[in-house]
Amino acid sequence: MYSGAAAAGSPRRDFISVTLGPEEAAGVGGYNNSKAWRRRSCWRKWKQLSRLQRSVILFLFAFLAVCGVISYTSMGETWKSITNKSLDDQRTEQEIPRLKLANPAVLPAPQKADANHGDYPELSLQKPPKPPHVRRGPSNLQIKAPWRDTRLKTRHDTMRAVEELVEADKVEKTEKSIISWRGAVIEPDQSTEPPSSKITELEKPSPVEAEDQKEPVPINERQLAVIEAFRHAWKGYKDFAWGHDELKPLSKSYSEWFGLGLTLIDALDTMWILGLKEEFEEARKWVANDLVFDKNVDVNLFESTIRILGGLLSTYHLSGDSLFLEKAKDIGNRLMPAFKTPSKIPYSDVNIGRGTAHPPRWTSDSTVAEVTSIQLEFRELSRLTGDEKFRKAVDEVMKHVHILSGKNDGLVPMFINTNSGQFTHLGVYTLGARADSYYEYLLKQWIQGGKKENELLEDYMRAIEGVKKHLLQRSEPKKLTFVGELAHGHFSAKMDHLVCFLPGTLALGAHNGLAADHMKLAETLIETCYQMYAQVETGLSPEIVHFNLHAQKGHKDVEIKPADRHNLLRPETVESLFYMYRFTGDKKYQDWGWEILQNFNRYTRVPTGGYTSINNVQNPSNPEPRDKMESFFLGETLKYMFLLFSDDIDLINLDKYVFNTEAHPLPIWVPA
Numbered sequence: 002m003y004s005g006a007a008a009a010g011s012p013r014r015d016f017i018s019v020t021l022g023p024e025e026a027a028g029v030g031g032y033n034n035s036k037a038w039r040r041r042s043c044w045r046k047w048k049q050l051s052r053l054q055r056s057v058i059l060f061l062f063a064f065l066a067v068c069g070v071i072s073y074t075s076m077g078e079t080w081k082s083i084t085n086k087s088l089d090d091q092r093t094e095q096e097i098p099r100l101k102l103a104n105p106a107v108l109p110a111p112q113k114a115d116a117n118h119g120d121y122p123e124l125s126l127q128k129p130p131k132p133p134h135v136r137r138g139p140s141n142l143q144i145k146a147p148w149r150d151t152r153l154k155t156r157h158d159t160m161r162a163v164e165e166l167v168e169a170d171k172v173e174k175t176e177k178s179i180i181s182w183r184g185a186v187i188e189p190d191q192s193t194e195p196p197s198s199k200i201t202e203l204e205k206p207s208p209v210e211a212e213d214q215k216e217p218v219p220i221n222e223r224q225l226a227v228i229e230a231f232r233h234a235w236k237g238y239k240d241f242a243w244g245h246d247e248l249k250p251l252s253k254s255y256s257e258w259f260g261l262g263l264t265l266i267d268a269l270d271t272m273w274i275l276g277l278k279e280e281f282e283e284a285r286k287w288v289a290n291d292l293v294f295d296k297n298v299d300v301n302l303f304e305s306t307i308r309i310l311g312g313l314l315s316t317y318h319l320s321g322d323s324l325f326l327e328k329a330k331d332i333g334n335r336l337m338p339a340f341k342t343p344s345k346i347p348y349s350d351v352n353i354g355r356g357t358a359h360p361p362r363w364t365s366d367s368t369v370a371e372v373t374s375i376q377l378e379f380r381e382l383s384r385l386t387g388d389e390k391f392r393k394a395v396d397e398v399m400k401h402v403h404i405l406s407g408k409n410d411g412l413v414p415m416f417i418n419t420n421s422g423q424f425t426h427l428g429v430y431t432l433g434a435r436a437d438s439y440y441e442y443l444l445k446q447w448i449q450g451g452k453k454e455n456e457l458l459e460d461y462m463r464a465i466e467g468v469k470k471h472l473l474q475r476s477e478p479k480k481l482t483f484v485g486e487l488a489h490g491h492f493s494a495k496m497d498h499l500v501c502f503l504p505g506t507l508a509l510g511a512h513n514g515l516a517a518d519h520m521k522l523a524e525t526l527i528e529t530c531y532q533m534y535a536q537v538e539t540g541l542s543p544e545i546v547h548f549n550l551h552a553q554k555g556h557k558d559v560e561i562k563p564a565d566r567h568n569l570l571r572p573e574t575v576e577s578l579f580y581m582y583r584f585t586g587d588k589k590y591q592d593w594g595w596e597i598l599q600n601f602n603r604y605t606r607v608p609t610g611g612y613t614s615i616n617n618v619q620n621p622s623n624p625e626p627r628d629k630m631e632s633f634f635l636g637e638t639l640k641y642m643f644l645l646f647s648d649d650i651d652l653i654n655l656d657k658y659v660f661n662t663e664a665h666p667l668p669i670w671v672p673a
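Reading the sequence shown from the start, the letters are residues 2 to 673 in the working numbering.
In structure tokens:
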């Protein structure tokens, strides 16, 4: 557009000339709404504003931007909290906070004391919905630093579920949803190389890494029943035996063996695995303030090692709390005088205050099981402290037994002399009392050390072949395969309940690459151990059974003598059921364990707190309670029950941990 004037001298006329483009000339459009035109228009208006007006507008925009950023951050945190709270309301966290509960399980309210069977209330036998089957073939052994097992961390937040369940018990609420707390397994860096001469500084759990997170496995009703049973047992111990060795639940008192709080120490890692924060913390305070080993008392080397030393080491690994390692070092040093013998075969008893040791008053012998079932614990203590004296002492014992004469195709006698270092009472071979855990620790030491110590494996394999050759028989009428005893060439159809550790040990060996027929034998033997319960009137196994070798009308496979019909709340069958389910995924093993738990509740539960061993498993109307709760009921039996009912193979992963003979998990060493 432009304007102009006529030539000079012409009359003055103003005019405007407008040039139309093709579209405008054709009458199309007329108003240009292009982005470029709008930008020029806005810019023109902006320039028309005064400097003050522009400054005010810019300030307002900057202020709104800052407020927006702050609001976004605040709302993000609020929304995250609301989301987390919503998830928390749908589940009670007994596992790591990141777990998601798919199908909340509800724990039935415990029955009152006037339930069936007199004073022994019965938990309702109700099968929970079966979770999807978890495939469990033999997996490759993962020997690596297991500190980053993320599903086993962050203690305090994840224990809220258990606290809420405790409150629910107090007000007698009927049902509550809860999700499993996954044991918080924390493992240190490991090495098969000789440790340093200094105590290794406790490593802390590393932050949860996104790639390590896995889909959680929710807790189920049966695990909740185990938690309830543990709380009931713990209530009795806390009320009537706090700080003492064992509870006497009927008389509401206690018994002392060593005066070292055996039940409390034995139960520490069980509480950790079950997620019982409140109980664990009060027990820890007792350990910190009241557990003193400087006292004039004789203790049994074997029992103190597997229960106290093993329990402290395990709890140290699970919790990462150096208090337990310091206590383990203390008791470990105080047990060392037991090895000061002419043969280096340790004495059975040690005075931990005076620093002296001696054999039992009636003999100079030690039992083979006791001197060869302390190695896992002392070896681990050396690895943690850097002091090789612990490992050297117990390794000397194994090397000595390895070359010792008097074995029968790998089977060992029950006694060994501390002076001569020779087997005594030759000719008697059993996998029961006084010999059982020798065979167990051959395999487990081999696994603990990274499968490098071939002498241990050779002795184990030879012993299993000896069992097959000399001790296996089949009963009538069900043709159950059982492990008997051999005495001077004569076979006895006697089998201790203690022998029921063997199916689990065989399965563990097969899982670690040993002969496949070991698993087949494990499957037949665990059936026998289950029948030791199923064929008895109370559904609880006696301490010892005798099997019928010949069919007799009206007779079962299992015969029980009056002196053998007591039940001590032992763990061995449940232990093997755990291994069998973990390696096969067969639900029948969980079902068998559930039956056993129900029968413990029917016939051994004391209404005021605790469980009691019984004298007569054949009399359901009067099982004759013995008024004693062994420490291993909390340390082993209920722990294995909880693990058996879990479908989480990483809840104490058996490629990372090996259990001592008191069910305390210790880490498998990592190759350098």
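Where a beta carbon is used, it is the ideal one built from N, C-alpha and C, also for glycine.
Under DSSP, Pro-626 shares a beta bridge with Ile-615.
The alpha-carbon of Val-57 is positioned some 15 Å away from that of Lys-46.
Contact check for Tyr-580 and Leu-526: beta-carbon distance about 12 Å, past the 8 Å limit, so the pair fails to qualify.
Per DSSP, the continuous beta strand (DSSP E) segment holding Gln-474 begins and ends at 473-475. Tyr-430 is positioned such that its CB atom lies no closer than 9 Å to that of Thr-373.
C-alpha of Lys-562 to C-alpha of Pro-219: approximately 43 Å in a straight line. Secondary structure remark: continuous alpha helix (DSSP H) runs of at least 4 residues inside the stretch 295-357, in chain order: 311-320 and 323-336. Within the model, the alpha-carbon separation for Ala-329 versus Ser-315 is close to 10 Å.
Exclusion of the five residues before and after Lys-479 leaves Asp-558 as the residues of its chain whose Cβ lies within less than 6 Å of its Cβ. From the listed residues Trp-670, Ser-614, Ala-564 and Met-337, the smallest Cα separation to Leu-541 is found for Ser-614. Relative to the Cα of Ser-632, the nearest Cα in the group Thr-264, His-401 and Val-70 belongs to Thr-264. Secondary structure of Phe-646 (DSSP, three-state): coil.
Using a C-beta cut-off of 8 Å, the stretch 254-268 makes contact with the stretch 290-309, since at least three inter-stretch Cβ pairs fall below that distance. A distance below 6 Å between beta-carbons, with the five flanking residues on each side excluded, links Thr-306 to the following residues of its chain, in chain order: Ile-375 and Glu-378. By the Cβ neighbour-count rule, Ala-234 is buried, with 16 or more other Cβ atoms within 10 Å of its own. Judged by pairs of C-beta atoms under 8 Å, the stretch 398-417 touches the stretch 456-464, as three or more such pairs exist. Non-local C-beta neighbours of Leu-507 in its own chain, meaning closer than 8 Å and more than five positions away in sequence, comprise Ile-465, His-519, Met-520, Leu-522, Ala-523 and Leu-526, ordered along the chain. In this model, Leu-578 and Arg-355 are separated by some 42 Å (Cα to Cα). For Ile-669, there is no enclosing alpha helix (DSSP H), as DSSP gives it neither H nor E.
Judged by DSSP in its simplified three-state form, Ile-375 adopts coil rather than helix or strand. Distance from Gly-433 to Leu-499 at the Cβ level is roughly 5 Å; contact confirmed, criterion being Cβ atoms closer than 8 Å.
Separation of Phe-340 and Lys-589 (C-alpha to C-alpha, rounded to the nearest whole angstrom) is 45 Å.
Put simply, of Tyr-604, Arg-571 and His-318 the residue whose alpha carbon is nearest the alpha carbon of Pro-668 is His-318. Secondary structure at Arg-362: coil, using DSSP grouped into helix, strand and coil. In this structure, the alpha-carbon of Lys-239 lies about 24 Å from that of Asn-600. Burial state of Phe-634 is buried, judged by a 10 Å Cβ sphere holding 16 or more other Cβ atoms. In the displayed model, Ser-438 falls within a helix according to three-state DSSP. With contacts defined by Cβ atoms closer than 9 Å, Val-413 and Tyr-439 form a contacting pair.
If you draw a straight line from the Cα of Ala-516 to the Cα of Thr-638, it comes to about 28 Å. In the displayed model, Val-484 falls within a strand according to three-state DSSP.
The continuous stretches of alpha helix (DSSP H) do not include His-245, and DSSP gives it neither H nor E.
For His-426, no beta strand (DSSP E) run applies, since DSSP gives it neither H nor E. For Met-496, the secondary structure class from DSSP, reduced to helix, strand or coil, is strand.
Taking C-alpha positions only, Asn-420 is separated from Val-537 by approximately 44 Å.
Asp-648 and Asn-221 have their C-alpha atoms spaced approximately 9 Å apart.
Leu-473 and Phe-483 have their C-alpha atoms roughly 6 Å apart.
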